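Peer 1: Residues 1 to 364 in full-length UniProt numbering are what the sequence shown lists, from first letter to last.
Encoded as structure tokens, here's the structure I'll be asking about.
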Amino acid sequence: MSVDEGQFYSVQVGDSTFTVLKRYQELRAIGSGAQGIVCSALDSVLGFPVAVKKLCRPFQNQTHAKRAYRELVLLKCVNHKNIIRLINVFTPQKSLEEFQDLYLVMELMDASLCQVIHMDLDHERMSYLLYQILCGIRHLHSAGIIHRDLKPSNIVVKSDCTLKILDFGLARTACTNFMMTPYVVTRYYRAPEVILGMKYKENVDIWSVGCIMGEMVKGNVIFQGTDHIDQWNKVIEVLGTPSMEFMNRLMETVRNYVMNKPQYPGVNFAELFPDWAFPSDSEHDRLKTGQARDLLSKMLVIDPESRISVEEALNHPYIHVWYDPGEADAVSGLFHIFERGDTSGKKMCRPPSLDCPGEQFPNA
Numbered sequence: 001m002s003v004d005e006g007q008f009y010s011v012q013v014g015d016s017t018f019t020v021l022k023r024y025q026e027l028r029a030i031g032s033g034a035q036g037i038v039c040s041a042l043d044s045v046l047g048f049p050v051a052v053k054k055l056c057r058p059f060q061n062q063t064h065a066k067r068a069y070r071e072l073v074l075l076k077c078v079n080h081k082n083i084i085r086l087i088n089v090f091t092p093q094k095s096l097e098e099f100q101d102l103y104l105v106m107e108l109m110d111a112s113l114c115q116v117i118h119m120d121l122d123h124e125r126m127s128y129l130l131y132q133i134l135c136g137i138r139h140l141h142s143a144g145i146i147h148r149d150l151k152p153s154n155i156v157v158k159s160d161c162t163l164k165i166l167d168f169g170l171a172r173t174a175c176t177n178f179m180m181t182p183y184v185v186t187r188y189y190r191a192p193e194v195i196l197g198m199k200y201k202e203n204v205d206i207w208s209v210g211c212i213m214g215e216m217v218k219g220n221v222i223f224q225g226t227d228h229i230d231q232w233n234k235v236i237e238v239l240g241t242p243s244m245e246f247m248n249r250l251m252e253t254v255r256n257y258v259m260n261k262p263q264y265p266g267v268n269f270a271e272l273f274p275d276w277a278f279p280s281d282s283e284h285d286r287l288k289t290g291q292a293r294d295l296l297s298k299m300l301v302i303d304p305e306s307r308i309s310v311e312e313a314l315n316h317p318y319i320h321v322w323y324d325p326g327e328a329d330a331v332s333g334l335f336h337i338f339e340r341g342d343t344s345g346k347k348m349c350r351p352p353s354l355d356c357p358g359e360q361f362p363n364a
């Protein structure tokens, strides 16, 4: 956007200086990360709070530039209720030669999933949060986009239980014939095919959702490796050594390493996620512990060829009770959702509010 220099002012936020449009007042730091700092602010023009994300020198190298470009393009194009909305973009610099800082203005949410995931969530809240994650992913996948970095800190919620996915710096166009970088997803939520350097596709995001769901149930990270090798070990110790058919799809050097590891039978899912780890059965008899465990067993599958797809996950009994075509049925190739009208009572009412710990928009 084109603005005059007089429309900006500077304010110190921690160790960083924010130079923002005067319409954004009352800046307060609420999150930080490798790419920059996020502040809450009051938008005096629109009259409601927003999140202002400063990308720190986003074009200092090719890697940072790609991340900034991907995030900006996707936020600008994607239009779905479960994906964070980009409200404004600006830079205080007046020329290309001076161009250094980029500010993204987005919706402000109440908390990250990190702050909610260890709460005592009942089946209604847990399944509704998962449903919304899957709706957002479905929309991305329908447009040929894989998020690649799903984790609790990249998912934000409001106290009314609405949820949005954010941080698209690592997202990219899906390509089943492309060998994608193995370090793109935070280690604990990284799918086996990524760890092993295999080609991967859209359901790499489903593994991450399974890890998030498992953490909701157990209250802790389920595969907590210290490095990528230990991460693989943690996975097979729990889920068992994969089949020979899977092994044959590995690169020879990787296959030799993996096959020389001890063979593990895997832990039964009823033992991994026992009844006592789940909330009490919901008054809605469709939301049962057995259904939740079954969904986990279909998402946490080492072989992506056998892992559930996002469409199958949305149709699973544990999730489908919330199903609304206007939310779940994305339009392939277009960053737009058709409103499909009345669902004729197919979905349940929204669950009670979450007791969010306070205003947060984390993860720069």
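Note that the Cβ used here is the ideal one computed from N, Cα and C, for glycine as well.
In this text, all values refer to a predicted model and were calculated from it rather than measured experimentally.
Inspect the beta-carbon positions of isoleucine 165 and isoleucine 155 and report whether they are closer than 8 Å.
Peer 2: Cβ distance < 8 Å, so isoleucine 165 and isoleucine 155 count as in contact.
Peer 1: By Cβ distance below 8 Å, which residues in the same chain neighbour arginine 57 in space, the five residues on each side in sequence not counted?
Peer 2: Once the five neighbours on either side are set aside, the close Cβ partners of arginine 57 are His64, Gln100 and Asp101.
Peer 1: So valine 38 and lysine 53 are supposed to be a Cβ contact under 8 Å. How far apart are they, rounded?
Peer 2: About 5 Å; that satisfies the 8 Å criterion.
Peer 1: Measure the alpha-carbon distance for proline 357 versus histidine 123 and round it to whole angstroms.
Peer 2: With a pLDDT of only 49 at proline 357, under 50, the local geometry of the prediction cannot be trusted, and no value is derived from it.
Peer 1: By DSSP, does glycine 219 sit in helix, in strand, or in coil?
Peer 2: In the structure shown, glycine 219 sits in coil (DSSP, three-state: anything other than H, G, I, E or B).
Peer 1: CB histidine 295 to CB alanine 313, shorter than 8 Å?
Peer 2: In the sequence as presented, histidine is not what sits at residue 295; that position holds leucine. Against a cut-off of 8 Å, the Cβ pair of alanine 313 and leucine 295 comes out as a contact.
Peer 1: In or out: glutamine 25 buried (at least 16 other Cβ within 10 Å) or exposed?
Peer 2: By the 10 Å Cβ count, glutamine 25 comes out exposed.
Peer 1: Assuming isoleucine 195 and glutamine 231 are in contact, meaning their beta carbons sit under 8 Å apart, how far apart are those beta carbons, in whole angstroms?
Peer 2: The pair is a contact, with the Cβ atoms about 6 Å apart (cut-off 8 Å).
Peer 1: Pick out whichever of Lys298, Phe59 and His320 has its Cα sitting closest to the Cα of leucine 96.
Peer 2: If we check each option's Cα against that of leucine 96, Phe59 comes out closest.
Peer 1: In the DSSP assignment, what residue or residues form a beta bridge with proline 262?
Peer 2: In the DSSP output, where bridge partners are listed per residue, proline 262 has none listed.
Peer 1: Are the CB atoms of cysteine 161 and leucine 129 nearer to each other than 8 Å?
Peer 2: Yes, they are a contact pair.
Peer 1: Should lysine 94 be labelled buried (16 or more other beta-carbon atoms within 10 Å of its own) or exposed?
Peer 2: Its Cβ having fewer than 16 others within 10 Å, lysine 94 is exposed.
Peer 1: On a Cα-Cα basis, can you pick out the residue from Phe246, Pro92 and Lys218 that is closest to threonine 19?
Peer 2: Nearest C-alpha to threonine 19: Pro92.
Peer 1: Quick check on DSSP: helix, strand or coil for methionine 247?
Peer 2: Note: methionine 247 maps to helix in three-state DSSP.
Peer 1: Just tell me which of Val50, Ile319 and Arg67 has its CA closest to the CA of arginine 148.
Peer 2: Among Val50, Ile319 and Arg67, the Cα nearest to that of arginine 148 belongs to Arg67.
Peer 1: Look at the alpha carbon of aspartate 227 and the alpha carbon of glycine 6, and state the distance between them as a whole number of angstroms.
Peer 2: Cα to Cα, aspartate 227 sits roughly 49 Å from glycine 6.
Peer 1: Are three or more beta carbon pairs between the region 254-268 and the region 233-242 nearer than 8 Å?
Peer 2: They touch, by the three-pair rule.
Peer 1: To the nearest angstrom, report how far apart histidine 320 and tyrosine 131 are at their CA atoms.
Peer 2: Their Cα atoms are separated by approximately 8 Å.
Peer 1: Which stretch, first to last residue, makes up the beta strand (DSSP E) that contains isoleucine 30?
Peer 2: Taken as a continuous stretch (DSSP letters only), the beta strand (DSSP E) holding isoleucine 30 covers 24-32.
Peer 1: Assuming isoleucine 133 and valine 209 make a contact with CB atoms under 8 Å, what is their CB distance in whole Å?
Peer 2: That pair is a contact at about 6 Å.
Peer 1: Have a look at arginine 255 and cysteine 211 and give me their C-alpha separation to the nearest angstrom.
Peer 2: Roughly 24 Å between the two C-alpha positions.
Peer 1: So glutamine 132 is in the alpha helix (DSSP H); what residue range does that whole segment cover?
Peer 2: That run of the alpha helix (DSSP H) goes 123-142.
Peer 1: Report the rounded CA-to-CA distance for glutamate 252 versus proline 262, giving the unit in angstroms.
Peer 2: Computed Cα separation, rounded: 18 Å.
Peer 1: Helix, strand or coil for tyrosine 200 per DSSP?
Peer 2: DSSP places tyrosine 200 in coil when its eight states are reduced to three.
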